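Asker:
Protein chains: 2
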Amino acid sequence: MKATINDVAKLSGVSIKTVSRVMNKEPSVRQLTREKVQAAVKELNYQPNLAARNLAGTKSFTIAYVYDNPNAYYVIDMQEGILSACRQQGFELLINPCDSQKENITEDIIDTIKHARVAGLVLTPPFSERPEFVKQILAQDIKVVRIMSGDVAPDELSPCVMVNDRDAAQTITQHLIDLGHTKIGFIAGGAAHMSTIERYKGYRRALKANNIAFNHNLIIEGEYSFESGVNGAKKLIAEKVTTENRPTAIFSCNDEIAAGALFAARLMNINIPEQLAIAGFENSPFSRQTWPKLTTADQPNKQIAHDAASLLISQIRKQKGKSETSQYVPQLMVRDSTGRHS
Amino acid sequence: MKATINDVAKLSGVSIKTVSRVMNKEPSVRQLTREKVQAAVKELNYQPNLAARNLAGTKSFTIAYVYDNPNAYYVIDMQEGILSACRQQGFELLINPCDSQKENITEDIIDTIKHARVAGLVLTPPFSERPEFVKQILAQDIKVVRIMSGDVAPDELSPCVMVNDRDAAQTITQHLIDLGHTKIGFIAGGAAHMSTIERYKGYRRALKANNIAFNHNLIIEGEYSFESGVNGAKKLIAEKVTTENRPTAIFSCNDEIAAGALFAARLMNINIPEQLAIAGFENSPFSRQTWPKLTTADQPNKQIAHDAASLLISQIRKQKGKSETSQYVPQLMVRDSTGRHS
DNA sequence: TTAAATAATGACAACGCTGTCAATCAGGCG
DNA sequence: CGCCTGATTGACAGCGTTGTCATTATTTAA
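From first to last, the protein sequence lines are chains B and W. Its first residue numbered 84, the first sequence is counted upward by one per residue in this note's numbering. Its first residue numbered 84, the second sequence is counted upward by one per residue in this note's numbering.
#1: Taking Cβ positions only, does Leu166 of chain W come closer than 8 Å to chain B?
#2: Distance, Cα to Cα, Ala380 of chain B vs Ala292 of chain B?
#3: Using only alpha-carbon positions, find the residue among W:Leu415, W:Thr408 and W:Asp419 that is nearest to Gly233 of chain W.
#4: Indicate whether Ile333 of chain B and Ile270 of chain B have their beta-carbon atoms separated by less than 8 Å.
#5: Indicate the three-state DSSP secondary structure (helix, strand or coil) for Pro180 of chain B in the structure shown.
#6: My understanding is that Ala134 of chain B touches Asn137 of chain W, with C-beta atoms under 8 Å, so please give their C-beta distance in whole angstroms.
#7: Does the beta-carbon of Asn328 of chain B have 16 or more other beta-carbons within 10 angstroms, so that it is buried, or is it exposed?
#8: Is Ala236 of chain W near Glu281 of chain W, with beta carbons less than 8 Å apart?
#9: Under 8 Å, with one C-beta from each stretch per pair, do the stretch 218-227 of chain B and the stretch 365-377 of chain B reach the 3-pair mark?
#10: Quick one: what's got a C-beta closer than 8 Å to Ser420 of chain B's C-beta in the same chain, skipping five residues either side?
#11: Can the beta-carbon of Val76 of chain B be found closer than 8 Å to that of Gln386 of chain B?
#12: Can you pull out the residues from the stretch 365-383 of chain W whose beta carbon lies closer than 7 Å to at least one beta carbon of chain B?
#13: Suppose contacts are defined by Cβ-Cβ distances below 8 Å. Is Ala289 of chain B in contact with Ile260 of chain B by that definition?
#14: Spell out whether any CB of chain B is found under 8 Å from the CB atom of Ala134 of chain W.
#15: Along the beta strand (DSSP E) that carries Ile230 of chain W, what are the first and last residues, could you check?
#16: Comparing the C-beta of His82 of chain W with each C-beta of chain B, is any distance below 8 Å?
#17: So, with DSSP's three-state summary, where would you put Met245 of chain B?
#18: If I'm right that Asn179 of chain B touches Thr189 of chain B with Cβ under 8 Å, what's the distance once you round it to whole angstroms?
#19: Does any CB atom of chain B fall closer than 8 Å to the CB of Val102 of chain W?
#20: What residue from B:Gly305, B:Lys266 and B:Thr265 has the CA that sits closest to His276 of chain B's CA?
#21: Going along the chain, which residues of its own chain have a beta-carbon closer than 7 Å to the beta-carbon of Val201 of chain B, five neighbours each way excluded?
#22: Taking any Cβ of chain W, which residues in the stretch 131-160 of chain B have a Cβ under 7 Å from it, in chain order?
#23: Taking just the CA atoms, how far does Asn314 of chain B sit from Thr254 of chain W?
#24: Could you list the residues in the stretch 197-218 of chain W with a C-beta less than 7 Å from some C-beta on chain B, going in chain order?
#25: Taking C-alpha atoms, which residue in B:Arg423, B:Arg117, B:Ile396 and B:Arg400 lies nearest to Cys169 of chain B?
#26: If we cut at 8 Å on Cβ distances, does Pro180 of chain B have a partner in chain W?
#27: Report the rounded CA-to-CA distance for Val227 of chain W versus Val217 of chain W, giving the unit in angstroms.
#28: Ala285 of chain W to Ala155 of chain W, Cα distance in whole Å?
#29: Spell out whether any CB of chain B is found under 8 Å from the CB atom of Arg418 of chain W.
#30: Distance check for Lys318 of chain B and Asn298 of chain B, CA to CA, integer angstroms please.
#31: Taking all protein chains shown into account, decide if Gln414 of chain W is buried (16 or more other Cβ within 10 angstroms of its Cβ) or exposed.
#32: Smallest Cα separation from Glu239 of chain W: which of W:Ala274, W:Ser211 and W:Ile353?
#33: At the 8 Å Cβ level, is Phe334 of chain W part of the contact set with chain B, yes or no?
#34: Check the C-beta distance from Ile88 of chain W over to Ser103 of chain W and give it rounded, since I have them as a contact under 8 Å.
#35: Find out if the Cβ-Cβ distance for the pair Leu204 of chain W, Ile230 of chain W is shorter than 8 Å.
#36: Quick one: is Glu163 of chain B near chain W, going by C-beta distance under 8 Å?
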């Protein structure tokens, strides 16, 4: 029924050890032998038994995805991207949702991954943005790949997959400027998030590139939530700024905030996009489910995750061939929530 | 460092086989012995090696979650619920996202779970609603637990965790009736989904219970999408019905449809809830991120999933003690999108 | 051409657990 | 008190791989 390494060995006329060598892409196997074995593997549709591998070997074929993120669409995409890389490479995936705020969370995680003999971790924010955490993981001789916001890796701790929020934010802001807006509000996400900082930098850059004076009254500190968008937009429109300085556009740090801003505008009888343009960030499903639909920036999370996991696995396999860091720039998606400023 | 069964055996002064018996809750171990072993297990913080278990034993300690669902929040909740049950019981979880429409999907899935030596499957719609599929899985001697819509299991194939959408839909409709509405539109989800059928039944029941005549012009066939909600609401308001018969309330089969209906109402300058009450179903996060926020029905997906997985595991362990089927009724959550009909 | 060096291969013992079956123990009965 | 019965327990052989190290080809250098 299910072929074992023994069957392959017999069929190809070599020892099981040699088959093992071929399966693990070890050197020191003659090309001819390798081909014979591969043919047998194919014929028998042989796949190594993971349990046996884990038991016998010192190597591990498991990686983990440790996350704490309220955005289910993000998590699912990440997970599926990682999963596809794992399947491709014959790895197993351990899913580890957890509470990043919990006391001793680092120890808990180390416990879990030690017990499951995990060889590496894919980390997304907030974990990827905690150098101390990463160091502690690395100290356990566990490989790490981080997905984070920025253009270049902030340090040499691990390979990174960078998401260039700054450039994307600059592009969005430029889009608003191109539409004629000059008074552009900015509602930030949590200040602790790199993504917020990067998006803010992109916003500032776009202003500068267009010689638009920066006005700190147009900046609202917030967090990544609908509620925060509601409050931020209210402040921006009603409180903080005089009527003549009132923004004609708002760049929200993500779609959820933008949806909140939309909500607030509705409450105040402000028409979108005629009286106020609103842009989000993330291209989450509900950016298409607001009225009007949100202009936003799209990032290919599944592919990012697939990349990160592949990178991690090649680290584990010590195939240093692959380039160590890649970068993605989210793409502007123009929809109905932004419009020309009259 | 990591304790093995041998360490436990030595410490408690019994053979490793006896330790194994205790770990597997087998009978034929004297109470005193059992306690000695358990003490040693605790002291050494011993956890059996899963790889070795899988290799040596005929039993499997892996279950799988096979899904195809565009609703990430649903999937994440399910997954986390299943995961928590697995951790509790020392099981591993294999995540298997897939395309339920693909040709030969059943064979693909069987391949996957055979190779991973999966002992059981947690199934959600659409898979849980395909008796033929379930039969083919069961024919492989793989246990199944289904999560599905309804009040009682539709057959004896497997234990089920039922979600009583009918009663919940009746409650929502009753809520609308209590607010004074009598012309209540219904926008269906995909007709192939049990949940749609059940929610429709609940709607009809509520009408009947209140002696409100059923008007088929108020029923729109649709699917579970924002787009469908937009179109459905448009039809309901503008096309299908004369002005005097125009609905004053709409029950949408889920929140996404309701959000679409909200959107359409905006387009047509209809005020919510003054001129039109709209209710959704699911309590998805964006039901709190529309304007106004949606009245909906909430179901504890994480707990449902935890239950289902526990049930599955006890099936696998042949602990027939547990009750075979449980039922959950989603709870009405009143928010701003429904209001009194003047 | 031959010895030495190197590459390729194989034999065999783990890995940590469970299944089988034999051995031991406790208690009941004649 | 000895024997029988069933409940407990243990010895031992795998499970399907990989690591180690010995063995056998093959190549290189002299």
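Each residue gets a CB set at the ideal place from its N, CA and C atoms; glycine is no exception. Computed from a predicted structure; not experimentally measured.
Answerer: On the basis of the coordinates in this document:
#1: yes
#2: Computed Cα separation, rounded: 20 Å.
#3: W:Thr408
#4: yes
#5: strand
#6: 4 Å
#7: exposed
#8: no
#9: no
#10: Result list for Ser420 of chain B: Ala341, Leu345, Ile355, Pro356, Ala360, Ile361, Ala362, Gly363, Thr373, Pro375, Lys376, Leu377 and Thr378, in chain order.
#11: The structure shown does not extend to residue 76 of chain B, since chain B spans only 84 to 425, so no value can be given for it.
#12: Phe369, Arg371, Gln372 and Trp374
#13: In this structure, Ile260 of chain B lies closer than 8 Å to Ala289 of chain B by Cβ.
#14: yes
#15: For Ile230 of chain W, the enclosing beta strand (DSSP E) has its first and last residue at Lys226 to Ser232.
#16: Absent from the structure is residue 82 of chain W, since the part of chain W shown begins at 84 and ends at 425.
#17: In the three-state scheme derived from DSSP, where H, G and I count as helix and E and B as strand, Met245 of chain B is classed as strand.
#18: That pair is no contact at about 13 Å.
#19: no
#20: B:Gly305
#21: Ser143, Thr145, Ile146, Ala147, Leu177 and Ile225
#22: Ala134, Ala135, Asn137, Leu138, Ala155, Tyr156, Val158 and Ile159
#23: 33 Å
#24: His198
#25: B:Ile396
#26: Judged by the 8 Å Cβ criterion, Pro180 of chain B is in contact with chain W.
#27: 7 Å
#28: Before going further, note that residue 285 of chain W is Gly rather than Ala in the sequence given. One C-alpha to the other measures close to 26 Å.
#29: no
#30: 14 Å
#31: That one is exposed.
#32: W:Ser211
#33: no
#34: 6 Å
#35: Taking 8 Å as the Cβ cut-off, Leu204 of chain W and Ile230 of chain W do not qualify as a contacting pair.
#36: yes
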